[in-house]
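Engineer: This note's numbering runs 12 ahead of the 1-based position in the sequence shown.
Once you've had a glance at the structure underneath, I'll fire off some questions.
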Amino acid sequence: MLGTLAKWLRFLGLDTEFIGPVSDKELKVIALSEARVILTRDKELSNNKDVEAVYVESGDIDDQLVQVLRALNLEVEEPMSRCSTCNGLIEEIGREEAKGNVPEDVLADRDMFWRCKECGKHYWQGSHWGGILERIEKIKSQVS
Ligand SMILES: [Zn+2]
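Structure follows, in C-alpha cells:
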C-alpha cells in the first residue's frame with residue numbers, strides 16, 4: 013500500500029525497507045531487529061506499544077513525505093543516493109563500466125553514471141531526473 017512512499021523515501025536518500033505482506037507480529041520483529049520505524053496506514057498497528065510506528069494519514073505522496081519527515085525529524089542530506097528498487101547504496105561509475113549496461117544513446121549523451129551496489133541497477137540523469145529533484149526541493153521547503 014505504501015510502495016510509492018518507500019520509493020520516494022529512497023529517492024530522498026533515506027534507508028527504507030519495503031516489507032511485503034507479513035503478519036503484524038513478523039513486521040514488529042523485523043522492525044526491532046533492524047532498529048526501524050514502521051510506516052503504516054493501519055491504525056491498529058500504528059498504535060502498538062512494542063515498536064515506534066507512524067500512521068500515514070494522507071493518500072497523497074507529497075503529503076505523506078512531508079508528514080514522515082516531520083514526524084521522525086528526518087533531514088534530507090543525500091538525495092539520489094539509494095536505489096529506488098532495492099534500497100542499496102548507489103555509487104558513481106565511469107563510462108567504461110557503464111558501457112554495455114546503459115543504452116547506446118545514453119552512453120554517448122551523458123557524462124555521469126551510477127550503479128546500485130546491491131542489485132546492479134544502472135542510473136543516469138534521464139528525463140525524470142529534473143522532475144524528481146524539483147519535487148524533492150518542494151518537499152524540503154514544506155518540511156522546514
Ligand atoms: Zn538496487
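Just so it is clear, CB atoms sit at the ideal spot from N, CA and C, and this is done for glycine as well.
No experiment lies behind these values; they were computed from the predicted model shown.
#1: Quick check on this structure: which residue in Pro115, Leu14, Glu90, Glu149 has the alpha carbon closest to the alpha carbon of Phe30?
#2: Opposite Trp126 in the DSSP bridges: which residues?
#3: Can you have a look at Gln154 and say buried or exposed, based on whether 16 or more other CB atoms are within 10 angstroms of its CB?
#4: Buried or exposed for Thr16, please, with buried defined as at least 16 other CB atoms from any protein chain shown within 10 angstroms of its CB.
#5: If you check the beta carbons only, do Cys128 and Gly106 fall under 8 Å apart?
#6: Would a C-beta distance cut-off of 8 Å place Val63 and Ala83 closer than the cut-off?
#7: On a Cα-Cα basis, can you pick out the residue from Pro33, Lys55, Ala47, His134 that is closest to Val178?
#8: For ligand 1, I want to know if Gly138 counts as a neighbour, meaning its beta carbon is within less than 7 Å of at least one of the ligand's heavy atoms.
#9: Quick check: is any heavy atom of ligand 1 less than 7 Å from the C-beta of Thr52?
#10: Alpha carbon to alpha carbon, how far is Gly71 from Thr97?
#11: Round the Cβ separation of Arg147 and Trp136 to the nearest angstrom and send it over; I've been treating them as touching at under 8 Å.
Structural biologist: With the given structure in hand:
#1: Leu14
#2: Glu104, Tyr135
#3: exposed
#4: exposed
#5: no
#6: no
#7: No information on residue 178 is available, as it lies outside the stretch 13 to 156 that the chain covers here.
#8: no
#9: no
#10: 21 Å
#11: With a Cβ gap of about 19 Å, Arg147 and Trp136 do not count as contacting.
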